[in-house]
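Which chain is which? The protein sequence lines are A and B, in order. Residue numbering for the first sequence follows the working numbering, beginning at -11 and increasing consecutively. Residue numbering for the second sequence follows the working numbering, beginning at -11 and increasing consecutively. Here's the structure we're looking at; comments come further down.
2 protein chains.
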Amino acid sequence: MELVTAILKKNSELTGREIERIFAEKDGDTAVLWEACLYSAMSGGKRIRPTLTFEFAAMLGGSEDSALPLAVATELVHTYSLIHDDLPCMDNDNVRRGKPSCHIVYGEATALLAGDALLTEAFRTVSESGALSDKVKLKAITELSEKAGIRGMIGGQQIDLIGESTKLSAGLHRKMNLLKTAALMECAAVMGVTAANGDKEAERAAREYGRNIGLAFQAVDDLLDKGEENKTTYLSFMTENECRKYVDELTDKALESVRHYGKSRNLCLIAEWLRSRTA
Amino acid sequence: MELVTAILKKNSELTGREIERIFAEKDGDTAVLWEACLYSAMSGGKRIRPTLTFEFAAMLGGSEDSALPLAVATELVHTYSLIHDDLPCMDNDNVRRGKPSCHIVYGEATALLAGDALLTEAFRTVSESGALSDKVKLKAITELSEKAGIRGMIGGQQIDLIGESTKLSAGLHRKMNLLKTAALMECAAVMGVTAANGDKEAERAAREYGRNIGLAFQAVDDLLDKGEENKTTYLSFMTENECRKYVDELTDKALESVRHYGKSRNLCLIAEWLRSRTA
């Protein structure tokens, strides 16, 4: 576990420094909006998605410099999705990662705009990067716009909304998790392959790894957080033991997808850590 | 005026057909979200921004096919900004273009997600277009992410928010209009130049034209809508006559920027029409 902590810490610092650099450019007249973006983007997330990007790039011998803008872009999208998710018209959460949510600190209107700004900035970060070829940039932008958009994460959030008023089937619940959580994890992993100019086989491995740990991540969350009775979770369709077994299967698939790469140790450690996390 | 009506109609039909094509792909499980996107994107806007893209491309001998994805992308961004603007935490407008706002029809949560989806889809539309070179795509994505983001439109919306609680100076009010309205008009005009592979001089002309008609557009809005007394408008800083003169100056600058191009007739007609519109 100490190894994973060190891996996350290193990748988190790289990501955080770059995010701070981007939002340090702030315009004085709209300073509060820049601060709201920075507040949420620097609020102590584990940076799992950037870590997937960095570690897939490293597995293929890619550079940190080329992985960085793609790691940041996915993390900015993740941050925006949390801000919008916390708004009163969505989950109405006043607390995020132990701190007041963006809209509690800055008001709903500025939080809404900060989310919009972070999403737009994600695409600018890729598009204006000095470290990537045109081909890599476009591959990354296509991936991000598919996995973050109506065909991906946002579609998953819509299914989540539907689940608030009707009971989701097991199939639709799985689709929700695939889109809402796993799609962006898959995107983050593929971003690392893209940064390293990896081949189709590496891309397939990244999709398999990202999707499976994304699904496992959500199932572990459901095991850890048995609070909300009305919400459809994996435990609506299986016992705790079955769910634990499901997590093991998913994790094994993720491990299988990268095991034959010589430098996949970090990715294997991360998958094992996600399986066994307790918070 | 009949000529301008015909120009807008033609460009509007091209844009609408493509938007309908994109959102016809809809996923059954999230159909309501796709419908919300389509509802707002097809709600009878004048399609001024797509028209600027098509007409700048045409002025430079560019094709409709290459202008189309860029025209659509800017219009999707414009549509998302209206959906989020109408939300209760922003302007709280129940009516848009004479029809119930997106959140009135689909609820706040789905309207929020529809806005997020349209913004993301704008980038996908450019990135996955089959009609554009990689170079053109990246130039367009850079332009869109700057002009629609925290450095552009969203920055302007934040200044607008600030103006709700404090009185804006004339300078800050002008900056708000530059960012909130003119930035995306400028973007739309530049998109046409980009689609046609225009040179630096053409890009400068498009920026000048788009920015000036954007500012004029807002000033005419202020002249037509003298309703809200508490809101800072151009009439907070000048008389009606002065404002009318300001609109004329801006329109003249826009006309001047394109006049020496042989095929700028449509753009000149549009600028004249925007100056004299009464609704």
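Don't be surprised by glycine CBs; every beta carbon is placed ideally from N, CA and C.
Where the segment 70 to 82 of chain B meets chain A: residues whose CB sits under 8 Å from a CB there: Legend: CB atoms of the segment 70 to 82 of chain B lying less than 8 Å from CB atoms of chain A belong to residues His72, Leu75, Pro76, Cys77 and Met78.
If you draw a straight line from the C-alpha of Leu75 (chain B) to the C-alpha of Cys175 (chain B), how long is it? Within the second sequence, numbered from 1, the residue matching residue 75 (chain B) stands at position 87. Within the second sequence, numbered from 1, the residue matching residue 175 (chain B) stands at position 187. Spanning the alpha carbons of Leu75 (chain B) and Cys175 (chain B) requires a straight line of approximately 25 Å.
Any alpha helix (DSSP H) of 4 or more consecutive residues that is wholly inside the segment 38 to 76 of chain B: Listed in chain order, the complete alpha helix (DSSP H) runs (minimum 4 residues) inside the segment 38 to 76 of chain B are 52 to 74.
Tell me whether the segment 131 to 147 of chain B and the segment 169 to 184 of chain B touch, counting them as touching only if at least three CB pairs, one residue from each stretch, are closer than 8 Å. These segments touch.
Nearest-angstrom Cα distance between Thr41 (chain A) and Ile150 (chain A)? Reading the first sequence from its first residue, position 53 is the one you call residue 41 (chain A). Reading the first sequence from its first residue, position 162 is the one you call residue 150 (chain A). Distance between the alpha carbons of Thr41 (chain A) and Ile150 (chain A) is about 31 Å.
Which partner residues does Lys87 (chain A) have in the DSSP bridge list? On the first sequence, position 99 is the one that residue 87 (chain A) refers to. Note: Lys87 (chain A) sits in a beta bridge opposite A:Arg84.
Is Thr41 (chain A) near the ligand ZN, in the sense that its beta carbon is under 8 Å from a heavy atom of that ligand? As presented, the structure is devoid of all ligands, the ligand ZN included, so that no description of it is given.
When Cβ atoms are compared, which residues of the segment 154 to 186 of chain A fall closer than 7 Å to chain B? Listed by position, the residues of the segment 154 to 186 of chain A near chain B (Cβ gap below 7 Å) are Leu160 and Lys163.
Going by CA-CA distance only, name the one from B:Asp209, B:Ala110, B:Ala119 and B:Gly33 that's closest to Thr130 (chain A). As a first step, residue 130 (chain A) must be located in the first sequence, where it is residue number 142. For the residues B:Asp209, B:Ala110, B:Ala119 and B:Gly33, the minimum Cα distance to Thr130 (chain A) belongs to B:Ala110.
Assuming Ile142 (chain B) and Thr108 (chain A) make a contact with CB atoms under 8 Å, what is their CB distance in whole Å? As a first step, residue 142 (chain B) is located in the second sequence; it is residue number 154 there, counting from the start. As a first step, residue 108 (chain A) is located in the first sequence; it is residue number 120 there, counting from the start. Contact annotation, Ile142 (chain B) with Thr108 (chain A): C-beta distance approximately 7 Å; criterion of less than 8 Å satisfied.
Kindly indicate if chain B contains any beta-carbon less than 9 Å away from that of Leu107 (chain A). Translated into the one-based positions of the first sequence, residue 107 (chain A) becomes position 119. So, interface residue.
Mark Val83 (chain B) as exposed unless 16 or more other C-beta atoms lie within 10 angstroms of its C-beta, in which case mark it buried. One-based indexing of the second sequence puts residue 83 (chain B) at position 95. Val83 (chain B) counts as exposed, since fewer than 16 other beta carbons sit within 10 angstroms of its beta carbon.
Supposed contact pair Ser264 (chain A) and Tyr197 (chain A) - C-beta distance, whole angstroms, cut 8 Å: For the purposes of this step, residue 197 (chain A) is identified with residue 209 of the first sequence, where counting begins at 1. For the purposes of this step, residue 264 (chain A) is identified with residue 276 of the first sequence, where counting begins at 1. Between the beta-carbon of Tyr197 (chain A) and that of Ser264 (chain A) there is about 17 Å, and that puts the pair past the 8 Å contact cut.
Evaluate Leu(-9) (chain A) with the Cβ neighbour count: other Cβ atoms within 10 Å of its Cβ, from every protein chain shown; 16 or more gives buried, anything less gives exposed. Here residue -9 (chain A) refers to the residue found at position 3 when the first sequence is read from its first residue. The residue is exposed, with fewer than 16 neighbouring Cβ atoms inside 10 Å.
If we call anything under 9 Å between Cβ atoms a contact, is Ala184 (chain A) one with Ala24 (chain A)? For this step, residue 184 (chain A) is matched to residue 196 along the first sequence. For this step, residue 24 (chain A) is matched to residue 36 along the first sequence. Not in contact: Ala184 (chain A) and Ala24 (chain A) (Cβ atoms no closer than 9 Å).
If distances are taken between C-alpha atoms only, which option among B:Leu166, B:Thr221, B:Leu212 and B:Asn218 comes closest to Arg195 (chain B)? Residue mapping note: residue 195 (chain B) aligns to position 207 of the second sequence, counting from 1. Among B:Leu166, B:Thr221, B:Leu212 and B:Asn218, the Cα nearest to that of Arg195 (chain B) is on B:Leu166.
Within this structure, are the beta carbons of Thr98 (chain B) and Gln146 (chain A) separated by less than 9 Å? Within the second sequence, residue 98 (chain B) is the residue found at index 110, counting from 1. Within the first sequence, residue 146 (chain A) is the residue found at index 158, counting from 1. Their beta carbons are under 9 Å apart, which means Thr98 (chain B) touches Gln146 (chain A) by this criterion.
Which residues in chain A sit within 7 Å of Ser117 (chain B), going by Cβ to Cβ distance? Here residue 117 (chain B) corresponds to residue number 129 of the second sequence, with the count starting at 1. For Ser117 (chain B), no chain A residue has a C-beta closer than 7 Å to its own C-beta; the minimum C-beta separation is roughly 10 Å.
What does the alpha-carbon distance come out to for the pair Ser153 (chain A) and Asn218 (chain A)? Residue numbering aside, residue 153 (chain A) sits at position 165 when the first sequence is read from its first letter. Residue numbering aside, residue 218 (chain A) sits at position 230 when the first sequence is read from its first letter. Cα to Cα, the separation comes out at about 10 Å.
Output needed for Ile92 (chain A): all residues of its chain with C-beta closer than 7 Å, excluding positions within five of it in sequence on either side, in chain order. Your numbering for residue 92 (chain A) matches position 104 in the first sequence. Asn82.
Relative to the C-alpha of Lys127 (chain A), which candidate in A:Gly103, A:Leu106, A:Lys163 and A:Leu58 has its C-alpha closest? One-based indexing of the first sequence puts residue 127 (chain A) at position 139. When only C-alpha atoms are compared, the closest one is A:Leu58.
On the three-state DSSP scale, how would you describe Gly95 (chain B)? Working through the second sequence from its first residue, we reach residue 95 (chain B) at position 107. Three-state DSSP puts Gly95 (chain B) in coil, outside helix and strand.
Boundaries of the alpha helix (DSSP H) in which Thr266 (chain A) is found, first to last residue: Position 278 of the first sequence holds residue 266 (chain A). For Thr266 (chain A), there is no enclosing alpha helix (DSSP H), as DSSP gives it neither H nor E.
Use the C-beta contact count for Gly32 (chain A): other C-beta atoms within 10 angstroms, 16 or more gives buried, fewer gives exposed. Here residue 32 (chain A) corresponds to residue number 44 of the first sequence, with the count starting at 1. By the neighbour-count rule (16 or more Cβ atoms within 10 Å), Gly32 (chain A) is not buried but exposed.
Where does Tyr27 (chain A) fall in DSSP's three states? As a working note, residue 27 (chain A) is residue 39 in the first sequence. The answer is helix: DSSP assigns Tyr27 (chain A) an H, G or I state.
Indicate whether at least one CB of chain A lies closer than 9 Å to the CB of Ser89 (chain B). Within the second sequence, the letter at position 101 stands for residue 89 (chain B). Taking Cβ atoms only, chain A never reaches closer than 9 Å to Ser89 (chain B), which makes this a no.
By a C-beta neighbour count over all protein chains shown, 10 Å radius and 16 as the cutoff for buried, is Thr227 (chain B) buried or exposed? Taking the second sequence and counting its residues from 1, one reaches residue 227 (chain B) at position 239. A residue is called buried once 16 or more other Cβ atoms fall within 10 Å of its Cβ, and Thr227 (chain B), having fewer, is exposed.
Chain-ordered neighbours of Ala97 (chain B) on chain A, where CB pairs are closer than 8 Å: Along the second sequence, one-based indexing puts residue 97 (chain B) at 109. Near Ala97 (chain B) (Cβ distances below 8 Å), the residues of chain A are Cys77, Met78 and Leu149.
At the level of alpha carbons, what is the spacing between Leu132 (chain B) and Thr221 (chain B)? Indexing the second sequence from 1 puts residue 132 (chain B) at position 144. Indexing the second sequence from 1 puts residue 221 (chain B) at position 233. Distance between the alpha carbons of Leu132 (chain B) and Thr221 (chain B) is about 26 Å.
How is the alpha helix (DSSP H) around Phe11 (chain A) delimited, first residue to last? Working through the first sequence from its first residue, we reach residue 11 (chain A) at position 23. Secondary structure note for Phe11 (chain A): its alpha helix (DSSP H) is the uninterrupted segment Glu(-10) to Ala12.
From A:Ala171, A:Met179 and A:Gly159, pick the residue whose C-alpha is nearest to that of Ser224 (chain A); which is it? Residue 224 (chain A) sits at position 236 when you count from the first residue of the first sequence. Looking at the Cα atoms, A:Gly159 is the closest of the given residues.
Could you work out which residue in A:Asn229, A:Glu260, A:Val60 and A:Ala267 is closest to Asp213 (chain A) when comparing CA atoms only? In the first sequence, the residue the question calls residue 213 (chain A) occupies position 225. Checking every option, the nearest Cα to that of Asp213 (chain A) belongs to A:Ala267.
Any idea if Asn(-1) (chain B) is buried or exposed, counting beta-carbon neighbours within 10 angstroms, 16 or more meaning buried? For the purposes of this step, residue -1 (chain B) is taken as residue 11 along the second sequence, with counting starting at 1. Flag for Asn(-1) (chain B) reads buried.
My output table needs one value for Lys155 (chain B): the three-state DSSP class, helix, strand or coil. Locating residue 155 (chain B) in the second sequence gives position 167, counting from the first residue. Residue state, collapsed to three classes: coil.
Work out the CA separation of Gly95 (chain A) and Lys268 (chain A) for me, nearest whole Å. Residue 268 (chain A) cannot be examined here, being either before or after the span of chain A that is shown, -11 to 267.
Under the rule that 16 or more other beta-carbon atoms within 10 Å means buried, what is Arg9 (chain B), buried or exposed? Counting from 1 along the second sequence, the entry for residue 9 (chain B) is found at position 21. Under this definition Arg9 (chain B) is an exposed residue.
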